[in-house]
Amino acid sequence: MRFSTLAQLTEICNAEHKSISQVMLEEQAAETGHSQQSEFRKMAEYYQIMKQAVHKGLTEDTTSRSGLTGMDAQRIMTFLETNESSLGAEACETMACALAVSEVNASMGRIIATPTAGSCGIIPGVFIRTQKRFQWTDDHMVNGLFCAGAIGYVIANNSFISGAEGGCQAEVGSAIGMAAGALVELRGGTPEQAIHAVGLALKNSLGLICDPVGGLVEIPCIVRNGFGAVTALAAADMAMAGVLSVIPSDEVVQVMLEVGSAMPAKHRETAKGGLAQTPTGKKIMKQLYRNNKQ
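Take a look at the structure:
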């Protein structure tokens, strides 16, 4: 890859008059030795899997094997049929789509890790609902995935994308930044605006711990995907409106590394702290253990 930072990525885009997605597609093809057409087709297949996961989460039984979670995405959609959302219907449906994919993951369904399974609902939630709103083609959305991939590439190589390494800020936070930046490009924003969206999104996620109840990617992981999708919409709108990340996005990525490195192990996917160690969290853990022994 010719870039290792978001600033370098922006410079290449401006110098060559290309979008982030165009640069990433070219770099990916050069990296793999495959044609750009082949890489695009592969990404298009991933997008179809995302769409299928949203559909499944909104139409089928998504009760997890633990029995702890499931069907919340459908509860939200049912709520919208007879109630007015405080968020507005579109943002609320985005949240539902994100929950749907995360619930499919928890119920052993097929998803695309973006960038991880724990944060798999955020990008599909944002993409599928905004595609419906703006009547974008699937090819346009696939370009957006390349943009998201470029952002994720930089974050992964300069900080964390794993909750076990850097807490939930690394998983959900990274996904929010990827979704926000990609949405800006999809809506016609500049590379600079897209990168500002990344910084705005990541700043709002700094310090978020990874504390899965029972060690399962369910509580609070699933609802965090819903909240994350809405945050991505907000960050994209801020950037499109001209709101800047005063702290450059690359520096925010470094702060995420610093914060994650300082985070105690009990807050990094071990289920030894946070919500996992509340009285209710412990009770759930004991019940899961008993169920597994039977």
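If you're matching positions, the sequence shown starts at 196 in the numbering used here and goes up one per residue.
Every residue, glycine too, gets a C-beta built ideally from N, C-alpha and C.
Same chain, Cβ closer than 8 Å to residue i, neighbours up to 5 away in sequence not counted
i	result
S199	V349, N352, N353
Whole-angstrom distance between residue j and residue i, CA atom to CA atom
i	j	result
S259	G421	17 Å
A295	T385	31 Å
E255	F322	21 Å
L275	A248	20 Å
I553	Q449	One cannot answer for residue 553 here, as it falls past the ends of the chain, which runs 196 to 489.
G265	E446	37 Å
I207	S230	21 Å
I479	A427	31 Å
A239	A224	15 Å
Cutoff 6 Å; reference residue i; Cβ partners in own chain excluding five residues on either side
i	result
F355	G361, A365, G455
R382	none
T475	none
Chain-order list of residues whose beta-carbon lies under 7 Å from that of residue i (same chain, five-residue window excluded)
i	result
S280	C287
E387	T205
Residue of the options minimising C-alpha distance to residue i
i	options	result
R270	V408, L253, F235	L253
M272	L340, T289, S261	T289
A291	A202, R419, G358	R419
S214	G376, G316, G423, D432	G376
M172	V367, T257, V425	The first residue shown for the chain is 196 and the last is 489, placing residue 172 beyond what the model contains.
I244	A370, G320, E464, S369	G320
I414	M196, N209, S400, G313	G313
L483	L411, G423, M196	L411
Q232	A434, M433, N338, K467	N338
Buried versus exposed, by CB contacts within 10 Å (16 or more), residue i
i	result
L220	buried
L397	buried
G394	buried
F341	buried
F329	exposed
Worksheet entry | Within the region 243–314, ranges of the beta strand (DSSP E) (whole runs, at least 3 residues) | none
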